[in-house]
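This report concerns only the one structure given below.
2 protein chains.
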Amino acid sequence: MYLTQPLHRAVQQMPDATYSVYRDRTLSHRQVYDRVSRIAGGLRVRGVSKDARVGLLSLNTDTFFHVCLAIAWADAVVVPLNTRWTAKEMAYALDEADVEVLFVDDPFMPLVSELRTALPGLREIICSGDEPAPGGLTALADLLGEDPVEDAHRQGEALAGIFYTGGTTGSPKGVMLSHRGIFLSAIGSAAALSRVPHDGATLLVAPAFHLAGFAIWVQGMVLRMTAVPMPRFDPVGVMRAIEDHRVKQLLLVPTMIQMVVDHPEVHRHDLSSVEALVYGASPISEALLERARKVFSTAGFMQAYGMTELSPTTTILSDEDHNDPSLRRSAGRAAPYARVKIVDPADEEVPRGTVGEIVASGEHVMLGYWKKPKETAEAVRDGWMHTGDGGYMDERGYVYVVDRIKDMIISGGENVYSIEVENVIAKHPAVAQVAVIGLPDEQWGERVHAVVAVSPGAALDLDELREFCKREIAGYKAPRSLEIVTEFPLSGAGKILKRTLRDQRR
Amino acid sequence: MYLTQPLHRAVQQMPDATYSVYRDRTLSHRQVYDRVSRIAGGLRVRGVSKDARVGLLSLNTDTFFHVCLAIAWADAVVVPLNTRWTAKEMAYALDEADVEVLFVDDPFMPLVSELRTALPGLREIICSGDEPAPGGLTALADLLGEDPVEDAHRQGEALAGIFYTGGTTGSPKGVMLSHRGIFLSAIGSAAALSRVPHDGATLLVAPAFHLAGFAIWVQGMVLRMTAVPMPRFDPVGVMRAIEDHRVKQLLLVPTMIQMVVDHPEVHRHDLSSVEALVYGASPISEALLERARKVFSTAGFMQAYGMTELSPTTTILSDEDHNDPSLRRSAGRAAPYARVKIVDPADEEVPRGTVGEIVASGEHVMLGYWKKPKETAEAVRDGWMHTGDGGYMDERGYVYVVDRIKDMIISGGENVYSIEVENVIAKHPAVAQVAVIGLPDEQWGERVHAVVAVSPGAALDLDELREFCKREIAGYKAPRSLEIVTEFPLSGAGKILKRTLRDQRR
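The listed protein sequences derive, respectively, from chains A and B.
Counting from 1, position 386 in the first sequence corresponds to residue 386 in the numbering used here; the numbering is continuous, with no gaps.
Convert by adding 506 to the 1-based position in the second sequence; the result is the number in the numbering used here.
See below:
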């Protein structure tokens, strides 16, 4: 179970079939095998030895994926960087991971001098794009000119990559994932499909430095599929790529699905090749699902929930599940290789329907956080990864993610999940929109604070709201303070930015 | 990745759905969970501790599978016995594996006293059938009356079972398989299907003491399916079971397929629920495939090739492959989690089309032969399991098994090692020289054929020879045809040229 294994299999079984199509470059499995073994040779020549970390700062291009394979081939560890980070954030990760050699794609050349200055330990920067390499940097062509080397067949629990996750609490953490864990998530998620899209094309449009985008590439390889990388999402580009390459499988986030299905040109494209549409990051609204089902009428839908620390998929909402309207808000249930439960702060499983922390175990759990044994021990306890997500499980094992635990309010020693309170308040006829946050409180530690936009012409006061809430939920969950606003701070995706709300009020 | 994991998942997700149907006993996942945890409790009370070996001599019944789970639950190791063996053969395996406790199904009660006498170390025999336990033996009900215990969650590379395979050199060898290996073969083979039969019923008719029958049970569990065990194969029983339980998946050997599809009653049964028909042990003839495709018109066909030592599946001939007449004699190509190649005696890969030994690697390779480090080292070299099967690979990676390097005969789905039969026949006073080969047979796939030179003045007939053999070895190993010759083709070294013998008779 390892990342380069599917390439060997594909070369043995269909050497002349297409491994990847990117712009005007179509490469067969055999050609990619050659390319990968030469890039690995180039890394060896450059002193990259067993377990060394090699950075990768690139959009989704064919070379991104070839380099990932080459790094494993050379017995090294890939450290993909979030392309949206600032140079400072990148330098933090590269430094912490002791990255020796860094691949940089064309659009990120402007960051190179700052990275160089910040990282004296960075021995070499290789331009992995198609533009000529600026002076002082190594061209990918130099590596491609090296003698090929044999695959190290790095596998099993050996470290495959360090995937940095956005620091919710300041500095990012490097998630160490094994070859086995990533492979297991990919092959096990494929087995959870109803119809398995062998040998077709996978569209790789979700950024592959995130594990969701990385994992769908691996799943495609396991199914011997052709990779069609797209460096940037745009709805027309996605439709054209599906049509041009007869794409059978793709992963999108719901925002992307919405932009495709609501695009005025959507009916001018033939999307009937799609057999598997995987989405993650959040459930899909009923209305959007209905539109998406019409547009992708040939596709099985699969929602995958998880996190980088879980390689990443842990629960799956199957295509069949999507037909049950009561499950539309669910993140699905435990994947065949995963165990999932909901626990209280003492790690005891809570009854079904009770909100607690979602935890998961299995061989897809991360090896740990790089150089952070304390955080690792906090996150993985007795083999169970603590996701930090609050949720509950219904009688059939379906998991509902209600909130980040960090959005949980602890008031008078009781845990209050803001989403639960928001769902109640939203039913009040005077309420147009609502967000519930915790605010520091002398008496309660934190108090439940409701921020509400009222419907036109309506009025609302705290006493009435509390009474309304207490008909449905415990008194300690009812808001202790109320604030009427006319508008909310919103994210680009139109989601209320609760962190901003909180920060403004603390 | 472990055998009891799917039970936890099923109890979490569909506690009241059916785990198994056997005769008039239908048990839900929740009931089987209870049963398994009590049998495990009973084993603990009886001194079965971590890593202890527990034997299982049973036809395919629901209890067979519940006991397999209970043994893992109790952190112990299952040793399933070939039910066709003589008591002497069974005693050999039970003794070698230091089995402490043995479950015995009703039909095998007559063997108990012989086993007891032969095995002073066997502490306890538990009657796992539905008949009352004879005096001195423990009833399964006693274990079911014990307090349930928690699952040990024995997993990963921990030993799951010791599966004895027919002895090529006289004595059988105990193949040690890990939980991960068996789970990987099951989940990875499911991912290789085009249509995955989630949540339906699996018919378990191939004997589960063989790994093919065991593995299809595990695959069914991974897909949250209902187990429908059948203790003995008969074609009408199979058709009725498919109809009664709306069976979606089953594994048969080609001989069984033939007996079903050619049965006069076949058109009186509704077999349209079948989505996946898996077969193994040997390829299927073109004519039979054509008839089978008509009878199982809704099913995807999958041929799985492998061996006990490979947990067991290693190459797969997909449903789509079956449409290509040129592939009908192939055993398929490397499964997604397996590496396969053809090597010469120096372990160098041979060119495509050249016959050599089929070898395979991956995390599904056995842990080794029980107490046989020398044989293990011979079989698994540098991570590659040497199958002992001769074969070649075509340009597209399809493997063709041409010969058994160790002269194994596959008759009715059972492995017969010719040397074992030769050793018995050679003891007959009328026999001067003997060679046993497999010949193509309509009914059995291959039949055991004995070529004998008789001693001067002596005579021998088939009936007498069969009776003689059956005193020492299972009936299926006894020759089904006999040929008297005056001389054998010999090699320069004076060794009988079995390949020549075979070629002259095919």
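The C-beta atom is built at its ideal place from N, Cα and C for all residues, glycine as well.
All of these numbers come straight from a predicted model, not from anything done at the bench.
Where does residue i sit, in a helix, a strand or coil, going by DSSP?
i       : result
L509/B  : coil
F163/A  : strand
Y1014/B : No answer is possible for residue 1014/B: it lies beyond the span of chain B, which begins at 507 and ends at 1012.
Q249/A  : strand
Y875/B  : strand
Q939/B  : strand
A74/A   : coil
L27/A   : strand
I631/B  : strand
R195/A  : strand
G41/A   : helix
T674/B  : Its pLDDT being 41, under 50, T674/B is placed unreliably in this model, and the value from its coordinates should be taken loosely. DSSP places T674/B in strand when its eight states are reduced to three.
G362/A  : coil
L565/B  : coil
E1016/B : For chain B, the structure presents residues 507 to 1012; residue 1016/B sits outside this window and is missing.
V527/B  : strand
E414/A  : strand
K983/B  : helix
Y400/A  : strand
D51/A   : coil
Are residue i and residue j touching if we call contact CB-CB under 8 Å?
i      : j      : result
E140/A : C68/A  : The sequence shown places Leu at residue 140/A, not Glu. Against a cut-off of 8 Å, the Cβ pair of C68/A and L140/A comes out as no contact.
D319/A : F301/A : yes
A582/B : G919/B : no
A360/A : S20/A  : no
V508/A : E96/A  : Residue 508/A lies beyond the residue range present for chain A, which begins at 1 and ends at 506; the question has no answer from this structure.
T500/A : A453/A : no
V343/A : G356/A : yes
S917/B : G951/B : yes
Y369/A : G332/A : no
S311/A : H364/A : yes
S178/A : A160/A : yes
I990/B : L966/B : yes
Quick one: residues in its chain with C-beta nearer than 7 Å to the C-beta of residue i, no 5 flanking neighbours on either side, listed in chain order?
i      : result
D403/A : G390, Y417, S418 and I419
A805/B : V780, E781, A782 and L783
G129/A : D105 and D106
T761/B : G918, G919, Q949, W950 and G951
E855/B : K847, I848 and V849
Looking only at its own chain, which residues have a Cβ that is under 6 Å from the Cβ of residue i, when we skip the five neighbours before and after it?
i      : result
L968/B : L988
L57/A  : L81, V104 and F108
E738/B : In the sequence under discussion, the amino acid at residue 738/B is Arg, which differs from the Glu named in the question. So the list is empty, once near-sequence residues are dropped.
V36/A  : H66, L69, A70 and W73
R38/A  : L144, E146 and P148
L94/A  : G55 and L119
D321/A : L327
By Cβ distance below 8 Å, which residues in the same chain neighbour residue i in space, the five residues on each side in sequence not counted?
i       : result
R1013/B : Residue 1013/B lies beyond the residue range present for chain B, which begins at 507 and ends at 1012; the question has no answer from this structure.
E792/B  : P831 and R834
H198/A  : L223, R224 and M225
D522/B  : S534, H535 and R536
R116/A  : L122 and I125
Q661/B  : M507, Y508, Q511, H685 and R686
F689/B  : M507, Y508, L509, Q511, V724 and V728
V247/A  : G200, A201, T202, L203, V228, A241, S273 and V274
With a cut-off of 8 Å on the beta carbons, I'd call residue i and residue j a contact; round off their distance for me.
i      : j      : result
I668/B : R559/B : 7 Å
V766/B : M745/B : 6 Å
P336/A : G188/A : 5 Å
V724/B : A692/B : 4 Å
V957/B : I943/B : 7 Å
A798/B : I748/B : Going by Cβ atoms, the distance from A798/B to I748/B rounds to 14 Å, so no, they are not a contact pair.
N60/A  : P229/A : 4 Å
F296/A : L271/A : 6 Å
Pick out the complete beta strand (DSSP E) segments inside the segment 793-846 of chain B, 3 residues or longer, and give them in chain order.
-> Correct list: 806-812 and 819-823.
What are the uninterrupted segments assigned as alpha helix (DSSP H) that are 4 or more residues long and contained completely in the segment 206-267 of chain A, given in chain order?
-> 211-222, 235-245 and 254-261
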